[in-house]
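Peer 1: Residue numbers (this note's numbering): 219 to 349. The beta carbon of each residue, even a glycine, is placed where N, CA and C say it ideally should be. Given the structure is predicted, the values throughout are model-derived calculations rather than measurements. Shown below is the structure under consideration.
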């Protein structure tokens with residue numbers, strides 16, 4: 219018997235589709251160096267689907283490009299709070315802290331990114347050996 223998707227799952231799919239549309243439009247804006255429109259697009263993407271990590275990465279990148287480091291740090295920290303093993307989020311946070319002159323925080327975030335990267339590589343190696 220074929221499973222009928224629930225209303226909530228179809229709603230989640232629709233939200234993700236809207237989020238992806240805004241995301242790709244924002245990426246195009248970023249490519250055209252229209253930073254203000256890119257920021258608005260990434261925000262619209264996250265409004266449609268707050269769990270869309272790619273949109274959060276895009277937003278923090280656009281905010282950084284616009285010199286809005288404090289807001290970009292807040293986005294990176296929120297991304298890390300929801301995705302603690304996101305290597306790129308930790309790396310981005312390190313770069314943002316460097317721009318702010320917060321060297322100790324930058325080094326701590328970079329170290330965390332390295333450790334997560336090593337952990338990921340070891341897991342891949344272990345999985346490959348287990349085959």
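For residue 294 versus residue 278, is the C-beta distance shorter than 7 Å?
Peer 2: yes
Peer 1: Within the continuous alpha helix (DSSP H) that includes residue 316, where are the two ends?
Peer 2: 305-317
Peer 1: Of the residues 308, 345 and 232, which one's Cα is nearest the Cα of residue 265?
Peer 2: 232
Peer 1: Does DSSP put residue 348 in a helix, a strand or coil?
Peer 2: coil
Peer 1: Candidates 331, 347 and 267: which alpha carbon is nearest residue 303's?
Peer 2: 331
Peer 1: Taking the C-alpha atoms as reference points, what is the distance between residue 254 and residue 339?
Peer 2: 37 Å
Peer 1: Excluding five sequence neighbours on each side, which residues of the same chain lie with their C-beta closer than 8 Å to the C-beta of residue 269?
Peer 2: 300
Peer 1: So, is residue 333 buried or exposed, given that buried needs 16 or more other C-beta atoms within 10 angstroms?
Peer 2: exposed
Peer 1: Considering just the uninterrupted stretch of the alpha helix (DSSP H) at residue 286, what are its terminal residues?
Peer 2: From DSSP, residue 286 is part of no alpha helix (DSSP H); its letter is neither H nor E.
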